[in-house]
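Student: I have a structure I would like to understand better, so I am pasting it below and will then ask my questions one at a time.
Protein chains in written order, with the numbering used here: chain H, 5 to 408; chain P, 5 to 408.
Here it is as structure tokens:
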């Protein structure tokens, strides 16, 4: 049975498994990565068979799935990535069979402000030194923008900032709200290239401290401010709203609330740019490993889900760009950087943390290369008369920002 | 009661109504168009009050609502357009109160192939000479693309064709399917500027004959072919699919079927561009006048509706551009041209037809300027690896096509 299942899943590469009783099994037709793996105990095998989507990562981080040849990325490329979604592969079988329950389950996963804060702390209050090890100088912990796949990460993150700034159609002196400002890189960038004032809000105390110190060092603390506040509690109105890599944490139960808040916060002639991981092929349940270990309460939206909520709020979708492989490129850079700094990460935490982190990055690469992962950039307006009538302004502004 | 209602609806302009009993009423605060209208009989007044959305147009075309000053566009600007959707105006009140029934009603409006054919004949088999009177040389009966609002219609339609061709990322020799090819202008254009082979399909015998004769005259009948066939019955696969102004006639009950057919017809590395009137703010019931007199069986989709169906079919939305005011600009040109050729239209049909046509164009202008109307251009791919990874190719190709 396992061999039949493996033949359906594995279209490329070869996996040699040593089972706890010492027997060896080989799966896959070859012609790709070659991985040798060993399961240490019988309970691990049972867990892997009964709930592979969670067990694979957990057994790896627990050191009970041991790789003797190849990396965890190689392993995931074989067992998940060799059968891409485009070719008709079912994704999230558990989730699919419970498809009709998925919207209900999503509604039960409510991220009220207190819960949001603890969810955020779980990931973003990790030691700053960890993020120092693999992020770029603008400290962008989200999908970069590659003109070609082979440009460097630092360059691609700077280009991402220019790409987003261009879509915001900024004017000097405008007030910008950055929802989920991270360590403040975007806010400082926008002020520098476009002369706008920015209020960045975050729920992470670590990020808040970092961002404020950064704005101080740059001497722009009077124009670029940061607050520890839930976006639902922000007051006033803004000429522009930008939100990068935060919507993933909103939760499907709160999409209507999110857009209602944005309409309230956005000037009637304002422009908003939302940059979020998205799901191709319709909404589904979250990945159990990611939800448990990495991003509690997260939900990746489909475009239909986003549009359904933004339409209710009378937000007009002016432009959508689906960045397809860019996040895979980004993650491959992060993974390589983490591999190169493995000893330092282990010293900061431990081997187990390192393997969890490695599994998370590798799994995300596969999601963007062969699963249903993508990154949406959606530009919203409240009035059809906002923004120029063609998109030509974007390229003009982008060229200017790239040069500055 | 009428005055209270009018105060809610009319934010600009002034309407003087002479009622059948000779009494006069004035509505609106002024400061915009000034219209004098007269209702000829008491039954007309009753109909107007009980079902204004249908009666307004019908009474106008029947000559029972007579304008003594101003145009029907002026009248619609006052009673519908002065309270735009962005400012919170309710739209399609009848439809809104039946909101929960709208999806069910849409499903009951099935456009099976035979029905589709008669729906299409209703409008597109009108005398060719009518369309001659107001369309541009490329005979584009859909939203044009204005670099600035004041360029001419002929230029804007040519720019629309270049804009669409650029989004198709064409290579010489590729096979393109044009679903709902109209009179063949796009097909002939694509062959001319990009050297592609095009199969255009239509359900209108008038359009078919016109398109074939046009390709013959151009000497490209071996590369640009036209068939009278429902898109659901087309066979084979194509490198590119394009569909302009046809999706409006598909009907909400058939969106899943439409995308499933497109996936079947599109090469796995192919690209599709869909250009359709869209609805801001969520799906709703069709306008009763338009459905009865102009486009039987039509349905204007919201982006959420489109995405919901395309996601099921595993189509990847690569790019969305919402053209906001472009269709209003286009329609204003058409209306002005029709007004200038009124005598000829009346000679082709009669006064009643002319008023119907005028009401249809004027109503559409208001829908795009103040109602929920917009025009979506959505670019689809089947594989995330199709198309270049950034959108920069669009501007390059567009500049080339504009110059050619």
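Glycine residues also receive a C-beta, built at the ideal position from the N, C-alpha and C atoms.
The structure displayed is predicted, hence computed values, not measured ones.
Does DSSP put residue 313(P) in a helix, a strand or coil?
Tutor: Helix, per DSSP.
Student: Using 10 angstroms around the beta-carbon of residue 200(H), count the other beta-carbons present and answer buried if the total reaches 16, otherwise exposed.
Tutor: By the neighbour-count rule (16 or more Cβ atoms within 10 Å), residue 200(H) is buried.
Student: For a test of the three-state rule: what should DSSP assign to residue 329(P), helix, strand or coil?
Tutor: If DSSP states are grouped into helix, strand and coil, residue 329(P) belongs with coil.
Student: Determine the DSSP secondary structure at residue 209(P), reduced to helix, strand or coil.
Tutor: Three-state DSSP puts residue 209(P) in a helix.
Student: Give me the residue from 45(P), 266(P), 252(P) and 73(P) with the minimum Cα distance to residue 281(P).
Tutor: Ranking the options by Cα distance to residue 281(P), first place goes to 252(P).
Student: Grab the span of the alpha helix (DSSP H) containing residue 94(H) for me, first residue to last.
Tutor: No alpha helix (DSSP H) holds residue 94(H); DSSP gives it neither H nor E.
Student: As a quick exercise: from 301(P), 46(P) and 328(P), pick the residue whose alpha carbon is nearest that of residue 68(P).
Tutor: Here the closest residue by C-alpha is 46(P).
Student: Can the beta-carbon of residue 367(P) be found closer than 8 Å to that of residue 293(P)?
Tutor: Cβ distance < 8 Å, so residue 367(P) and residue 293(P) count as in contact.
Student: Would a check of beta-carbon distances place residue 254(P) closer than 8 Å to chain H?
Tutor: Not an interface residue.
Student: May I ask you to list, following chain order, the residues of the stretch 197-219 of chain H that have a beta carbon less than 9 Å from some beta carbon of chain P?
Tutor: Hits within the stretch: zero.
Student: Should residue 27(H) go down as buried or exposed, given a rule of 16 or more other Cβ atoms within 10 Å for buried?
Tutor: Flag for residue 27(H) reads exposed.
Student: Just to confirm my understanding: we take residue 364(H), look at its own chain, exclude 5 residues before and 5 after, and list those with CB closer than 6 Å. What are they?
Tutor: Same-chain partners within the cutoff: 298.
Student: Does the stretch 111-126 of chain H touch the stretch 9-25 of chain P, meaning 3 or more C-beta pairs lie closer than 8 Å?
Tutor: Cβ pair count under 8 Å is below three, so no.
Student: Step through the CB atoms of chain C and report whether any lies within less than 8 Å of the CB of residue 153(H).
Tutor: Protein chains H and P are contained in the structure displayed, whereas chain C is not.
Student: Work out the CA separation of residue 113(H) and residue 184(H) for me, nearest whole Å.
Tutor: Cα to Cα, the separation comes out at about 20 Å.
Student: State the start and end residues of the unbroken alpha helix (DSSP H) segment that holds residue 260(H).
Tutor: 259-269 is the span of the alpha helix (DSSP H), which, as asked, contains residue 260(H).
Student: Tell me which same chain residues have a C-beta within less than 7 Å of the C-beta of residue 197(H), skipping the five on either side of it?
Tutor: Counting only Cβ-Cβ distances below 7 Å, and skipping sequence neighbours, we find 169, 405 and 408.
Student: For residue 86(H), collect the residues of the same chain with a Cβ closer than 7 Å to its Cβ; drop the 5 residues on either side in sequence, then sort them by chain order.
Tutor: Correct list, in chain order: 14, 15, 16, 17 and 36.
Student: Against chain H, with Cβ distances strictly below 8 Å, would residue 100(P) count as a contact?
Tutor: Only weak support exists for where residue 100(P) lies, its pLDDT of 39 falling under 50; the value from the coordinates is given anyway. So no, residue 100(P) is outside the interface.
Student: Alpha carbon to alpha carbon, how far is residue 44(P) from residue 268(H)?
Tutor: Their backbone Cα atoms lie some 47 Å apart in a straight line.
Student: Which chain P residues are close to residue 324(H), counting only those with a beta carbon under 7 Å from its beta carbon?
Tutor: The contacting residues are 321, 323 and 324.
Student: Locate the alpha helix (DSSP H) running through residue 50(P), then write down its first and last residues.
Tutor: 46-54 is the span of the alpha helix (DSSP H), which, as asked, contains residue 50(P).
Student: Under 7 Å between beta-carbons, which chain P residues line up against residue 399(H)? List them in chain order, please.
Tutor: Those are 399, listed as they occur along chain P.
Student: Within the same chain, show all residues whose beta-carbon is closer than 6 Å to that of residue 203(P), passing over the 5 residues directly before and after it, in chain order.
Tutor: The answer, listed in chain order, is 181 and 229.
Student: So what does DSSP say about residue 123(H), is it helix, strand or coil?
Tutor: Helix.
Student: Beta strand (DSSP E) containing residue 66(P): first to last residue?
Tutor: No beta strand (DSSP E) contains residue 66(P), which DSSP labels as neither H nor E.
Student: My guess is that residue 129(P) and residue 210(P) are in contact by the Cβ rule of under 8 Å, so how many angstroms apart are they, rounded?
Tutor: Residue 129(P) to residue 210(P), Cβ: 5 Å. Contact.
Student: Which residues in chain H have a C-beta closer than 7 Å to the C-beta of residue 308(P)? List them in chain order.
Tutor: Within 7 Å Cβ-Cβ: 308, 311, 312 and 315.
Student: What does DSSP give as the partner residues of residue 22(P) in its beta bridges?
Tutor: BP columns for residue 22(P) point to 28(P) and 42(P).
Student: Report the residue from 31(P), 392(P), 226(P) and 57(P) whose alpha carbon sits nearest the alpha carbon of residue 409(H).
Tutor: Outside the shown range of chain H (5 to 408) lies residue 409(H), about which nothing can therefore be said.
Student: Identify whether residue 118(H) lies in helix, strand or coil by the three-state DSSP scheme.
Tutor: Residue 118(H) falls in the helix class under three-state DSSP.
Student: Applying the criterion that 16 or more other CB atoms from any shown protein chain within 10 Å of the CB defines a buried residue, is residue 94(P) buried or exposed?
Tutor: With fewer than 16 other Cβ atoms within 10 Å, it is exposed.
Student: Is residue 155(H) helix, strand or coil by DSSP?
Tutor: Three-state result, residue 155(H): coil.
Student: Please state whether DSSP places residue 5(P) in a helix, a strand or coil.
Tutor: Of the three classes helix, strand and coil, the one that applies to residue 5(P) here is coil, per DSSP.
Student: Just to confirm before moving on: does the CB-CB distance between residue 51(H) and residue 41(H) stay below 8 Å?
Tutor: No, the Cβ-Cβ distance between residue 51(H) and residue 41(H) is not below 8 Å.
Student: Would residue 384(H) pass as a contact of residue 320(H) if the rule is Cβ separation under 8 Å?
Tutor: For residue 384(H) and residue 320(H), yes; Cβs fall inside 8 Å.
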